[in-house]
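Undergrad: If you want the working numbering, it's the position in the sequence shown, counting the first as 1, plus 337. Positions of the beta carbon are idealized from the N, C-alpha and C atoms, including for glycine. Since the model is a prediction, treat every value here as computed from it, not as a measurement.
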Amino acid sequence: MGPGGDAARPGRFFGVYLLYCLNPRHRGRVYVGFTVNPTRRVQQHNGGRKKGGAWRTSGRGPWAMVLIVHGFPSAVAALRFEWAWQHPQASRRLAHVGPRLRSEAAFAFHLRVLAHMLRVPPWVRLPLTVRWLRADFRCDLCPPPPPHMPLTFGPPPPRAAAPKRRAGPLADLESEPDQDAEACCALCARSFQDEEGPLCCPHPGCRLRAHVICLAEEFLEKEPGQLLPLEGQCPGCKNSLLWGDLIWLCQMGTEEEEENLELEEEHWTDMLET
């Protein structure tokens with residue numbers, strides 16, 4: 338795990354979750370979905386269609402969100418993962434996963450599919466986290482997730498607010514000495530464009546700032562055939578860094594962005610279920 342551990346980190350949240358039905362009449366049913374807000378989403382499912390839940394879960398609650406996979410770089414990436422998990426028989430990447438057995442519970446089958454998904458491209462290269470939300474449902478995945486994918490427990494860490502810049506006449510004076518140095522990539526010495534944010538090393542005392550492409554190429558020197566790094570050594574402080582931690586820390590989501598993502602989540606849910 339990266340330097341931040343499981344502490345609150347800024348960034349946008351994209352998760353794909355597994356629901357389990359606790360209703361005795363429908364006990365054992367499961368549901369896979371996408372969310373940017375796990376707490377709100379499970380409340381919607383238990384509230385029914387009128388509260389924003391899915392038609393497949395409406396009227397069958399209560400539902401428990403028992404597991405969530407998060408750390409996707411975008412909503413599209415999470416939605417593609419969701420679709421493959423829902424339809425493993427239609428995904429060419431999961432052709433090696435056998436169909437559900439007659440004696441196999443739906444919950445066990447979905448965990449078996451998930452375990453294989455985390456081990457095949459393109460998902461095996463993503464900086465994902467597998468998080469159990471309910472300890473009483475916890476069980477081992479076979480095969481286990483790759484070493485760079487943490488297996489964690491408990492609710493997702495709260496989003497940390499993006500640091501606010503100090504206002505006032507002294508703010509510009511205080512930032513002047515390092516302004517030119519921090520405006521350039523430490524690897525290629527070219528300046529950063531307004532629309533692209535630099536990747537910054539999270540280790541205390543390290544002032545590394547670099548283009549995403551430059552740092553990715555640095556990390557991939559030992560894996561020239563890959564497009565997405567898993568981890569590497571910071572060129573500045575020489576500490577080990579997980580690529581997923583760097584991307585997460587670079588994403589400073591705003592409340593407006595989160596509202597837009599929630600609307601996008603509801604749009605995709607409605608479209609996929611009609």
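Can you tell me where the beta strand (DSSP E) holding Gln570 begins and where it ends?
TA: Residues 568-570.
Undergrad: Quick one: what does DSSP say Ala442 is sitting in, helix, strand or coil?
TA: When secondary structure is reduced to three states using DSSP, Ala442 falls in the coil class, being assigned neither helix nor strand.
Undergrad: Let me check understanding here. Comparing Cα to Cα, which of Ala547, Leu536, Cys543, Cys537 lies closest to Arg527?
TA: Ala547
Undergrad: I'd like to know if the region 549-559 and the region 567-585 are in contact, where contact means that at least 3 CB-CB pairs between them fall below 8 Å.
TA: yes
Undergrad: Give every residue of the same chain whose Cβ lies closer than 8 Å to the Cβ of Val461, excluding the five residues on either side of it in the sequence, and list them in chain order.
TA: Leu455, Pro483
Undergrad: Closest to Leu431 by CA distance: which of Gly384, Phe409, Arg449, Gly385 is it?
TA: Here the closest residue by C-alpha is Arg449.
Undergrad: DSSP on Gly382, reduced to helix/strand/coil?
TA: Correcting the residue identity first, residue 382 is His in this sequence and not Gly. His382 falls in the helix class under three-state DSSP.
Undergrad: Runs of 3 residues minimum, wholly inside the region 521-574: which ones carry the beta strand (DSSP E) assignment?
TA: 568-570
Undergrad: Among the candidates Leu463, Phe529, Ala523, Val406, whose CA atom is the shortest distance from the CA of Asn374?
TA: Val406
Undergrad: How about the region 358-366 and the region 416-428: do they share at least three Cβ pairs that are nearer than 8 Å?
TA: no
Undergrad: Any idea what DSSP makes of Gly435, helix, strand or coil?
TA: coil
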